[in-house]
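Under my numbering, residues 150 to 471 are what the sequence shown spells out, in order. We treat Cβ as the ideally placed atom computed from N, Cα and C, and that holds for glycine.
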Amino acid sequence: MAEQEKIEFEFPDEIEEKRKATAKADTGELAVEVIDDTPPADRGRKPLDGPVPDISEDELSKYEESVQKRIKKITHGYHDERRAKETALREKEEALKFAQQLVEENKKLKGSVSQNTAALVEQAKRAAGLEMDQARAAYKTAYEAGDPDAVTAAQEALLSAKIKVERLANYKSPPLQNEQTDVKPDSVVQNPPAPAPVDTKALAWQDKNQWFGDPEHEEMTSFALGLHQKLVRLGVDPRSDEYYKRLDKRLREVFPESFADKSVVEEEKPQPRTANVVAPATRSVAPKKITLTQTQVALAKKLKVPLELYARKVAEGMTQNG
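What follows is the structure, given as structure tokens:
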């Protein structure tokens, strides 16, 4: 028979004493570290003394009104910026259109003046050649006739004709202005310089002196061209009023019969100003009332162009475009 285990019975008070003794034996010094696991953003914040009251309808409406005002202000600023950009774009396009119109008009005027000048010079060359042939024939006749006075007169006429031919052969019309490049959108600046005005006094003078270039007045034409070269050599600006005053005065002194119905030009008397604008015969009549947009008015002020002049240019563009 197996050996029976000996079980010792213990009373409850004995068990409690053993537990206290074991706990007392295990007790020693213990270091305790407290770590705050509260999120950094929430540390140190004190709670409210009481519950949060509900937001009233009036406070909510005031908040919504403030937000609406803010949204309206932002929207208004956006539209202001948009309108400013659109205005600047319209002014840029209008400036490009206006500059291109001036360039095209300038080209037409230059082409017209160049063609008229070339035609007049050719006529003067033919007249000078004819005058030389006549002077040679007169010299030959006077020499064969043995008339010394006629020979002298023929020599003077031959010398004068030769000078005219040489001058016309070397004649070069002065440029009206420097060549300009085509207008490009990227080249438009905020304050572009005003284009150089085309001198139209030569055309105006030709309109008043229809004999110039006429085969029946070849002598006067040749004399006028020769006088032109002389005045230029003397330093007289061919675009000035002084140039045309001296030119007319000398022509009336040499050919008074051609100006019998006109008064002699006197240097002492002030000359009335003549209009410099020469309109082509086929040009349409511009409308009397021109409507300008705010963009066009703003551009005219930026370019420092008188509003009336700008309106005329717009009218001319309207008539030319049909």
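Helix, strand or coil at residue i [DSSP, three-state]
| i | result |
| --- | --- |
| ASP282 | helix |
| PHE372 | helix |
| ASP229 | helix |
| VAL385 | coil |
| LYS195 | coil |
| TRP354 | helix |
| SER412 | Note that SER412 scores a pLDDT of 48, beneath 50, so its modelled location is shaky and nothing firm can be said. |
| VAL463 | helix |
| PRO125 | Within the shown structure, residues of the chain are numbered from 150 to 471, placing residue 125 beyond reach of any answer. |
| LEU441 | coil |
| TYR320 | coil |
| GLY260 | helix |
| VAL454 | coil |
| ILE223 | helix |
| ILE164 | helix |
| ASP298 | helix |
| PRO189 | helix |
| PHE361 | coil |
| THR349 | coil |
| SER210 | helix |
Straight-line Cα distance separating residue j from residue i
| i | j | result |
| --- | --- | --- |
| ALA287 | LEU279 | 12 angstroms |
| SER309 | ARG285 | 11 angstroms |
| GLU163 | PRO188 | 50 angstroms |
| GLU206 | ASP229 | 34 angstroms |
| LYS234 | LEU209 | 38 angstroms |
| PRO297 | GLN304 | 10 angstroms |
| LYS321 | GLN359 | 22 angstroms |
| GLU465 | THR224 | 42 angstroms |
| ILE204 | LYS221 | 25 angstroms |
| LYS451 | GLU365 | 52 angstroms |
| ARG231 | LYS438 | 32 angstroms |
| ASP363 | THR236 | 55 angstroms |
| VAL216 | ALA248 | 48 angstroms |
| GLU315 | GLU406 | 28 angstroms |
| ARG219 | LYS211 | 12 angstroms |
| LEU238 | GLU213 | 37 angstroms |
Proximity of residue i and residue j at Cβ, strictly below 8 angstroms
| i | j | result |
| --- | --- | --- |
| ALA277 | LEU317 | yes |
| ARG399 | PHE408 | no |
| TYR393 | ASP386 | no |
| SER371 | ALA273 | yes |
| MET281 | LYS256 | no |
| ASP185 | ARG194 | no |
For residue j and residue i, believed in contact at Cβ under 8 angstroms, the rounded distance
| i | j | result |
| --- | --- | --- |
| LEU441 | VAL463 | 7 angstroms |
| LEU396 | LEU376 | 6 angstroms |
| GLU243 | GLN445 | 6 angstroms |
| ALA291 | ALA299 | 3 angstroms |
8 angstroms Cβ cutoff, residue i in contact with chain C
| i | result |
| --- | --- |
| VAL454 | Protein chains in the displayed structure number just one, and chain C is not present. |
- Query: Would you call the stretch 350-368 and the stretch 255-269 in contact, with 3 or more CB pairs under 8 angstroms?
  - Reply: yes
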